[in-house]
Structure formats: C-alpha cells, structure tokens
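Colleague: Those sequence lines, one after another, are chains A and B. Using UniProt numbering, read the first sequence as starting at 1 and increasing by one per residue. Using UniProt numbering, read the second sequence as starting at 1 and increasing by one per residue. All C-beta atoms in this analysis are idealised placements derived from N, C-alpha and C, irrespective of residue type, glycine included. Predicted model, so just to flag it, every value in this text is computed and none were measured.
Number of protein chains: 2
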Amino acid sequence: MASEFDLIARYFNRAAPAGLLGVGDDCALFPVPPGEQVATSTDLLLEGRHFFPDVDPRALGHKALAVNLSDLAAMGARPIGCVLGLALPRLDEAWLAAFAEGFHDLAAVHGCPLIGGDTTRSAHDLAISVTVFGAVAPGQALRRNGARPGDDVWVSGELGAADVAYRLLDGQYPADPALLSATREALEWPRPQVALGLALRGVAHAAIDVSDGLLQDLGHILAASGVGADLHYPQMPVAAALAGLDPARRRRAVLGGGDVYQLCFTAPASRREAVLAAAGEAGARATRIGRIRERAGLDVLDAQGRPLDALPAGFDHFPAA
Amino acid sequence: MASEFDLIARYFNRAAPAGLLGVGDDCALFPVPPGEQVATSTDLLLEGRHFFPDVDPRALGHKALAVNLSDLAAMGARPIGCVLGLALPRLDEAWLAAFAEGFHDLAAVHGCPLIGGDTTRSAHDLAISVTVFGAVAPGQALRRNGARPGDDVWVSGELGAADVAYRLLDGQYPADPALLSATREALEWPRPQVALGLALRGVAHAAIDVSDGLLQDLGHILAASGVGADLHYPQMPVAAALAGLDPARRRRAVLGGGDVYQLCFTAPASRREAVLAAAGEAGARATRIGRIRERAGLDVLDAQGRPLDALPAGFDHFPAA
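Right, here's the structure in full:
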C-alpha cells in the first residue's frame, strides 16, 4: 500500500510557497495577514452524484477546487491555500496525473496552493473532499444577511448553460451535439469569481455563489436578511447558447439551474457605478436583475411586470438559516 | 432533498462561539491569535476501509474528529475549530443523532467547535471528511524533522490494544470476548493527546502521532530528520490487556499496530525531567523507549541488546519525505 500511495503523493506534493508548510508533516501550517480572519469552506464530491464517472479528470480536478474557491469569492476572501482528500477505487496513473494537473493549474491561477491532504482507497466510488482557506478583514466579508430593502439584485456572468449541459449528458434531453458543445464548458470548467468578490468588498451588501440555482441561492440571502425580492426575467443574462431552446427549459435553466458558480449579490442603488467599476476591474460581467423588497417572498416578473408562475422546484425551500 | 438535508443540518448546526461565524454562510470565519499561524489537517474516512459498517455511530463521530485532533496534538497546536463533510447512503435519524453527539462531545472537550460543513447523499458507502484548524506560534510547532542524535525517543500512553481489537473484530483472531472487551475502547474511543502536544512545545525536538504503527510513524521522523534510532522492546508501554497474548501477536500489535493516536516524540536527554513534567501537566503517561542515533535505520533491541528480526511489515517503507 505504501508504495501505491507514495505514487499518488508524487502528483500532489509540490513545494509549498515560502511561509507555508506543505504536505509532509502532521499538519500544514500557514500564516494569516495581521488583522485578518480565516475564511474556510469544505465540499465532499462523489462520483455518480456530483460528477459523471467518465468526466475528463483534468476538468474534475479543476472543478473540485473551483466550487470551493467560489465560496471564498462569495465571501470576498483572498485565497491562501487548500487541502485535498482523495479516495480512489483503483490506481490509474494517467487519470491521477490529469486530475492533479487540472487542480494545480487552477490553484496557480488563484494563488491557492495545495498544502496538505489524505489519499486512500475506496471500496466503490471515487470521493473527493476539498477544504479551502482564505483571508478577509473582519467586517469586510460579504455575508448573506446584509441585503436591505431597495438594494439592487445583481448576478455575474451568464446563466443557464451548465444546467442544459448536465441534462444533455444525463440523457434527460435528446442528444444535441451542437448544443452540448456550446454549453459543456460552463458545466465542466466553471470560473470562480474570486477577483469580483474581492472588488465587491465595501460595495455589495450581501453575496452568495450560485451553486444550487439562482432562486434557491438568492433565497438563502433573503432568508438570512429577512427580506424579499422582485426579479425581472427579461433582464436575466441568459447564455447565448440557449437562444433556440424551448422557453420552459430555458426558464428552468436560468432560474433553477445549478453549477453556475457566478455571484448573486445585492448593493444599494446609489452604488451602481461602483458595482460596474468592480466588475470591470475583475474582468467580469455584472447584470442588474431585480430589487430587494421588505415583504418576504420572491417573485419573478415578466416583461409586463406580471409574476411568472410555475417557478423551478426548490426555490421556496428556504432553510431556517 | 432540501428538507432531508435540513434535517441533517439540525444535528450539526450549533451556535458558533463568539468570534467564529459558523454553519450558514458561504464560508465559516475564524480569527487567529496575533503572531500565530494556522495548523490544519484533513482526513477522509470510508466505510469498510477505516471503520466497520456496524460501528457504534457515537464512537464513529468521536473518532472522526479524534484522528484529526491527534494531528494538531502532534504539531503542538491549540484547536480552533473544524469542518465536516458527510456523505450518507441513507437517512437514519437515530444514527445521525448519535454520530453528532459523539462528534460534538469531543469537540467540546477540546474547544474545537464545528463551524462549517457539507452533507450529501452517497451512492454506496458512508464517507466522512474532517478538516481541523489550530493555532501555533511560528517556530513552536512540533515538526517531524527536528530529531537529533542522542535524543531520547518517547511514546505516550500504551501500545497494542487497538490492533488486537481490530483483528478480533475483523475475524483475524478467534473470538475472545474478554480480550475484546479489554481492548475495544482503545480502538473506538481514542483520546487525542492535545494537552500533551501543547505541553511539549519547547521541550520535544520532533513529534508525530502513531496512526499507522509505531515503527512506521517513527520512521517518518527518522527520514525527515536524517537520523536513525535504537528502540528497546522491553521498555515499551504494552497495554495490560495484552499480557496473555501470544508473543508474536503482541509484538506485532506493539510495534506495528495502528490507530493508537498517542504521540511518539524525541527530546534531548537533558530534558527528561521537563518531559515528565509536561506529561504530568497533561495527565498523560510518557515512556522512554529508545534513542536517536546518527546512522540511518531503525533497530528494536531485546532485553539482551540484540536486534529483533522479523519486524512488522511496513516499518521500512519510509517516504521520501
């Protein structure tokens, strides 16, 4: 066993940057800038539930880290480093090399080196756990509970492509190679909006990343903040690839589609220029899609200002926060 | 799905202590004392590999956290908090409640509250990932690479009981209810030596926790420090329950048995009183079992000073560090 897992370690043990103690002791060590706090998030990803068994391992390595970096982005935290747990049903060197490459490449882009981990064998499924650490000054973190009536609701990037790619790959939609080709990158290579999250500190009142679907995730902000919202469906930044899609499927993808890893955030109307400047600085697109209201609940309005009915399931399952 | 996992969350969302932002935002937040670094360790535990499917869930919750606290102990870090990932093949409220109780009880003992997590369904096996965070001043951390020739080698607690319990439960040894009863607590309720690790800062030169077996784990210290060691088998603190065991099985349990979660550490001979004082302060037993030497390798000597042969497999699988 030891030799097998020495082999695994070969793909993951890179020299830790100065100041960080990496893989190879009981714990990894990292410093935190004076006056800042640590932000941390963890995800446990399982084959057959969070990814298809035949997914490109390089994309999987990328995405395993991306979904956690997206949580740091939603807090406005600057990445410090990460740890990885990997349970493998079998040893496949080519697979491991590709997974490690996808993981390390994204880590390098965001200055979030792998500093520790745990590799083991699993009986059945591949399991991946990633925990990320970032730094943010107290009071600067973008929380879920800061939305106020009158705030604009914004979303970064585009919506809907990942949901369509998932349903095509899952066989829920009939095969459509052109549509899959136009949407697959959104599902498999999400780009965590770390720079945008940092630029929104002091501008946004509340933020979350869209992982379970726009309505469900915005719902977490509404519940935590004790407010409601009106959204304007015609203003949503729909992925261009969805132009020819059946309108009901498009709506489900835009409002309910998960795996987006864009930021949904609120900011006072007086800060619209600041939001656009932050987005410009981060190289991101930001679209104003609605407004926070006092009254609880969430309505999505059509071009005539009428509430849409039959919203995607799940949007009203607000947790008690 | 949402309601199911709201239910799960009920067992894990406890109010975070002041200064820590707990479960319920994109990230958890925690402060780090000025001048200290963060120590972190992660483990991924799988049903059928790291624990038996029918293990007492309260013991499993305890142990999932204990193995990570043991890594903090081996660094001399003070626990701050932890995050938990849990993938469940089915929803069993009684099981969840017991698991959460075992986890939270140990967290309370060590001031290591659960501040974040991720729960999901798995297709087959139960999977548990835990990441712990602690604080330690730079230069005070107990590393693996500090052992020097002439250092004493010490181990805390007792050795061997967990290995025997494991082999009894696994059917490798014939059923022996009295022996199982006397050894099972060591396997299922390990006590991480956090207080001892803290007390050994400034005293020990190097430390590791015994998770894979004494010889294998001491081997990591030797490899990282570029030294060797002579151990004295008759000095080993063997669990009393092993007194009647076949000598070969006892030796394998003492030298090669994993799941011990005691500390193996080295300290200069001039600090023997300080080591014993640290152990006394921590309420722990510390036993001197050998000495670090310049020449690489590891010998275990019998009462006549002759090297034992046929040491437990794995002890020479030193990683490249």
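#1: In the segment 7–87 of chain B, which residue ranges form an unbroken alpha helix (DSSP H) of at least 4 residues, counting only runs that do not cross its ends?
#2: Classify B/L84: buried if its beta carbon has 16 or more other beta carbons within 10 angstroms, exposed otherwise.
#3: According to the neighbour-count rule (16 or more other Cβ atoms, all chains shown, within 10 Å of its Cβ), is B/P237 buried or exposed?
#4: For A/R291, which of helix, strand or coil comes out of DSSP?
#5: Against B/L88, what residues of chain A qualify as contacts under a CB-to-CB distance less than 7 Å, listed in chain order?
#6: Measuring CA to CA, which of B/A175, B/L245, B/V132, B/H50 is closest to B/L69?
#7: For A/D309, count neighbouring Cβ atoms within 10 angstroms of its own Cβ and tell me buried if that reaches 16, exposed if not.
#8: Determine the chain B residues that contact A/D118 at a beta-carbon separation under 7 Å, and present them in chain order.
#9: Taking 8 Å as the cut-off, decide whether the C-beta atoms of B/P79 and B/C112 are in contact.
#10: For a contact meaning CB atoms closer than 7 Å, what does B/L72 contact in chain A?
#11: Can the beta-carbon of A/G297 be found less than 8 Å from the beta-carbon of A/G226?
#12: Taking DSSP as the reference, what is the three-state secondary structure of B/D170?
#13: Beta strand (DSSP E) containing B/D217: first to last residue?
#14: Please classify A/P234: does DSSP put it in a helix, a strand, or coil?
#15: In three-state DSSP terms, what is A/D105?
#16: I want to see whether chain A comes within less than 8 Å of B/R167, judged by CB atoms only; does it?
#17: Could you tell me which residues DSSP pairs with B/R121 in its beta bridges?
#18: Go ahead and label B/G244 buried or exposed: buried means 16 or more other beta carbons lie within 10 angstroms of its beta carbon, across all protein chains shown.
#19: In angstroms, rounded to a whole number, what distance separates the CA positions of A/G81 and A/D302?
#20: Classify B/Q304: buried if its beta carbon has 16 or more other beta carbons within 10 angstroms, exposed otherwise.
#21: Do B/A253 and B/D163 have their C-beta atoms within less than 8 Å of each other?
#22: So the beta strand (DSSP E) B/G305 belongs to, where does it begin and stop?
#23: Would A/P31 pass as an interface residue toward chain B - the criterion being a Cβ-Cβ separation below 8 Å?
#24: What are the residues in the segment 186–212 of chain B lying within 7 Å of chain A by C-beta distance?
#25: Which chain B residues sit within Cβ distance under 8 Å of A/Q37?
#26: State the Cα-Cα distance for the pair A/Q37 and A/A66, rounded to the nearest angstrom.
#27: Measuring CB to CB, does A/A87 end up less than 8 Å from B/A87?
#28: Residues of the segment 220–253 of chain B with a CB closer than 8 Å to any CB of chain A: list them in chain order, please.
#29: Please check the pair B/P45 and B/F51, which I expect to be a contact at CB under 8 Å, by giving their CB distance rounded to whole angstroms.
#30: Is A/H124 close to chain B, meaning its C-beta is less than 8 Å from at least one C-beta of that chain?
#31: In angstroms, rounded to a whole number, what distance separates the CA positions of B/V188 and B/V130?
#32: Can you give, in chain order, each stretch of the beta strand (DSSP E) that sits fully within the segment 179–218 of chain A and has at least 3 residues?
#33: Between A/A278 and chain B, is the shortest Cβ-Cβ distance under 8 Å, so that the two count as touching?
#34: Within the same chain, show all residues whose beta-carbon is closer than 8 Å to that of B/S211, passing over the 5 residues directly before and after it, in chain order.
#35: Rounding to the nearest angstrom, what Cα-Cα distance links B/H220 and A/A186 in this structure?
#36: Does DSSP put A/L276 in a helix, in a strand, or in coil?
Modeller: Straight from the coordinates:
#1: Fully enclosed alpha helix (DSSP H) runs of 4 or longer: 57–75.
#2: Answer is buried; the Cβ neighbour count reaches 16.
#3: Around the Cβ of B/P237, a 10 Å sphere holds 16 or more other Cβ atoms; the residue is buried.
#4: The answer is strand: DSSP assigns A/R291 an E or B state.
#5: Simply none; closest approach about 10 Å.
#6: Taking each of B/A175, B/L245, B/V132, B/H50 in turn and checking the Cα distance to B/L69, the smallest one comes out for B/V132.
#7: Per the 10 Å Cβ criterion, exposed.
#8: Correct list: T42, D43, L44.
#9: Going by C-beta atoms, B/P79 is nearer than 8 Å to B/C112.
#10: Within chain A, the residues near B/L72 are C27.
#11: Taking a C-beta distance under 8 Å as the contact criterion, A/G297 and A/G226 do not qualify as a contact pair.
#12: Three-state result, B/D170: coil.
#13: B/D217 -> not in any beta strand (DSSP E); alpha helix (DSSP H) instead, spanning 214–225.
#14: Note: A/P234 maps to helix in three-state DSSP.
#15: Three-state DSSP puts A/D105 in a helix.
#16: For B/R167, the answer is no, since every Cβ of chain A falls outside 8 Å of its Cβ.
#17: Answer by DSSP bridge pairing, in chain order: B/L88.
#18: Exposed, since its Cβ has fewer than 16 Cβ neighbours within 10 Å.
#19: Their backbone Cα atoms lie some 43 Å apart in a straight line.
#20: By the neighbour-count criterion, in which a residue is buried when 16 or more other Cβ atoms sit within 10 angstroms of its Cβ, B/Q304 is exposed.
#21: In this structure, B/A253 sits near B/D163, with a CB-CB distance shorter than 8 Å.
#22: Neither: B/G305 is in no beta strand (DSSP E) and is coded neither H nor E.
#23: The Cβ of A/P31 sits closer than 8 Å to at least one Cβ of chain B.
#24: Those would be I208, D209, in chain order.
#25: The contact set of A/Q37 on chain B, defined by CB atoms closer than 8 Å, consists of L29, F30, P31, V32 in chain order.
#26: Take the alpha-carbon of A/Q37 and the one of A/A66: they are about 21 Å apart.
#27: Contact flag unset, no.
#28: Within the segment 220–253 of chain B, those residues whose Cβ lies closer than 8 Å to any Cβ of chain A are, in chain order, A224.
#29: Position check: residue 45 of chain B holds Leu in this sequence, whereas Pro was assumed. Under the criterion of beta carbons closer than 8 Å, B/L45 and B/F51 qualify as touching, at roughly 7 Å.
#30: At least one C-beta of chain B is nearer than 8 Å to the C-beta of A/H124.
#31: According to the sequence shown, residue 188 of chain B is Glu rather than Val. Linking B/E188 to B/V130 through their CA atoms gives a straight-line distance of about 17 Å.
#32: Here the runs fully enclosed are 206–209.
#33: Cβ-Cβ to chain B under 8 Å: no for A/A278.
#34: Closer than 8 Å at Cβ, skipping near neighbours: V67, S70, D217, G258, D259, V260, Y261.
#35: It is roughly 43 Å from the alpha-carbon of B/H220 to the alpha-carbon of A/A186.
#36: In the displayed model, A/L276 falls within a helix according to three-state DSSP.
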